[in-house]
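Going by my numbering, 308 is the number at position 308 of the sequence shown; the sequence numbering is gapless.
Note that the Cβ used here is the ideal one computed from N, Cα and C, for glycine as well.
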Amino acid sequence: MNEKQIREALQTVLHPKLKKSLIDIGMIRDLSIKDDVVKLTLALRSDRSPLKELFIREIEKVVDTLPDISSVQIEFTTLNREEIERLFPKPVLKGIEKVKYFLAVASGKGGVGKTTIAVNVALALVKQGYKVGLLDADVYGPSVPVMLDISEPLNQKDEMIIPKEKYGLRIMSLGMTVGQNEAFIWRGPLVSKAINQLLGQVNWGELDYLVIDLPPGTGDPSITIAQSIPHCSILMITTPQEVALADVRRAIGLFNKIGQPIVGLVENMSYFICSNCTEAIEIFGHGGGVRLSQETGVPLLGTIPIDLDLRQGGDNGVPIMVSAANSLTGLIFQTIAQEISNKIQ
Ligand SMILES: Nc1ncnc2c1ncn2[C@@H]1O[C@H](COP(=O)(O)OP(=O)(O)OP(=O)(O)O)[C@@H](O)[C@H]1O
Ligand SMILES: [Mg+2]
């Protein structure tokens with residue numbers, strides 16, 4: 001018997017859910033014959049796949065029927081993320097059907113400027129001519145409504161929620177559905193349901209980018225959200241001091257582990273230029289973002305100064321990308337947005 005004949009015989013081993021032969025979908029691979037022994041690799045979705053035993057039995061059954069072959073030796077491997085997505089595509093949620101790219105803004109720690117950056121990067125993408133949505137998925141403290149001064153209730157059409165429009169952005173926040181003070185009810189197992197609702201029941205329409213403000217840290221919520229969105233790129237935010245970097249390092253490790261692509265790193269509160277001086281003061285230390293970038297291979301897309309106008313813009317609902325897009329900080333956001341679109345597209 002030659003390899004071709006054995007491959008043909010093994011065509012009858014099917015994946016029970018996909019109803020396709022394991023040979024055709026590449027789950028049986030690297031087939032060879034040595035003397036009277038067939039060798040092959042079985043690629044499974046995970047090490048602990050419940051179908052493993054079934055597949056082994058089926059393969060052995062077929063091999064038993066082959067003349068001149070005494071046994072089969074099976075090696076095991078797991079499918080990579082790309083193969084899993086191709087073979088077992090997740091159904092696309094209705095609300096995000098027409099969204100081209102997803103960018104989730106994440107951090108290791110709270111309070112590093114994640115929401116400020118999500119808002120201003122989203123606005124910088126609008127300035128570049130893209131259609132952009134902003135989803136505030138911070139289950140612990142949705143603050144986008146404050147930063148963009150949105151308080152009117154949401155509207156619905158055809159059983160779908162319509163995002164709010166402001167400054168050319170389409171905006172939706174957990175804070176708009178439950179009010180800031182009640183946000184705690186989304187903790188725990190409700191998180192993934194709530195997020196799926198935001199993605200599935202909000203009519204985002206046609207968008208180039210949906211920017212998502214994730215909860216701080218790498219707890220369940222961030223991971224659940226990042227994983228429930230197909231092809232979601234991560235933008236990591238850090239501040240320069242070593243304690244913040246340690247958390248971001250861990251976060252990057254975790255996203256790498258689950259195969260979530262990280263588009264880049266932004267260092268916030270990098271330096272301060274007071275109004276009476278020309279020199280930048282590096283309040284939180286120097287070069288943290290650069291070091292982290294070299295260490296992890298995640299590109300550093302920009303460093304943002306401590307800027308009074310940026311903070312005020314966040315407090316009064318008029319972000320710096322609206323009030324002063326061509327200020328030093330505004331231009332930095334434009335560069336970061338440009339880098340992001342170059343990398344994602
Ligand atoms: N570069 C900066 N210069 C001045 N103030 C800033 C800067 N970045 C953020 N801030 C201010 O710091 C505070 C925290 O920022 P922000 O809310 O964006 O952080 P966050 O990471 O989203 O926090 P949380 O973890 O609570 O969601 C805000 O008042 C914001 O205006
Ligand atoms: Mg925030």
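Which residue comes first and which comes last in the alpha helix (DSSP H) that contains residue i?
i, result
"T115", "114-127"
"Q5", "3-10"
Going by beta-carbon coordinates alone, are residue i and residue j separated by less than 8 Å?
i, j, result
"L44", "T12", "no"
"Q201", "G95", "yes"
"V121", "I332", "no"
"N203", "I171", "no"
"Q352", "V37", "Beyond the ends of the chain as shown, which are 1 and 345, falls residue 352; an answer cannot be given."
"Q241", "G285", "yes"
"Q248", "G113", "Note on identity: in this sequence residue 248 is Val, with Gln being the wrong assignment. In this structure, G113 does not lie closer than 8 Å to V248 by Cβ."
"K164", "I150", "yes"
"M348", "L40", "Absent from the structure is residue 348, since the part of the chain shown begins at 1 and ends at 345."
"L210", "L93", "no"
Would you say the beta carbon of residue i is closer than 7 Å to some non-hydrogen atom of ligand 2?
i, result
"D47", "no"
"K109", "no"
Could you compute how far the alpha carbon of residue i sits from the alpha carbon of residue j?
i, j, result
"C232", "T116", "20 Å"
"R7", "E339", "47 Å"
"A106", "P142", "14 Å"
"I69", "I28", "18 Å"
"N181", "G253", "Low local confidence applies: a pLDDT of 49 at N181 is under 50, so the model's placement there is unreliable, with the coordinate-based value given in what follows. When rounded, the distance between both Cα atoms is 33 Å."
"I84", "L125", "31 Å"
"R48", "F76", "11 Å"
Can you tell which of the options has the C-alpha that lies nearest to the C-alpha of residue i?
i, options, result
"E159", "L198, D309, A251, E295", "L198"
"N268", "Q260, G289, G259", "G289"
"L328", "R291, V298, I273", "I273"
"K98", "V126, K131, E83", "K131"
"L42", "H15, G313, T224", "H15"
"L214", "Y167, I234, L18, K193", "I234"
"E82", "I212, I258, L93, E282", "I258"
"Y101", "L301, A280, L207, I223", "L207"
"T303", "T296, L265, R311, I23", "L265"
Looking at the unbroken beta strand (DSSP E) that takes in residue i, where does it start and where does it end?
i, result
"T303", "300-306"
"R48", "Premise fails: R48 is in no beta strand (DSSP E) and is neither H nor E."
"A104", "99-107"
"D35", "Counting along the chain, D35 falls outside any beta strand (DSSP E), and DSSP gives it neither H nor E."
With a threshold of 8 Å between beta-carbons, can residue i be considered close to chain C, or not?
i, result
"D158", "This model lacks chain C altogether, as it is built from one protein chain only."
I'd like to confirm something about residue i: is its beta-carbon nearer than 7 Å to some heavy atom of ligand 1, or not?
i, result
"V112", "yes"
"S327", "no"
"P305", "yes"
"G141", "yes"
"L310", "yes"
"N268", "yes"
"P216", "yes"
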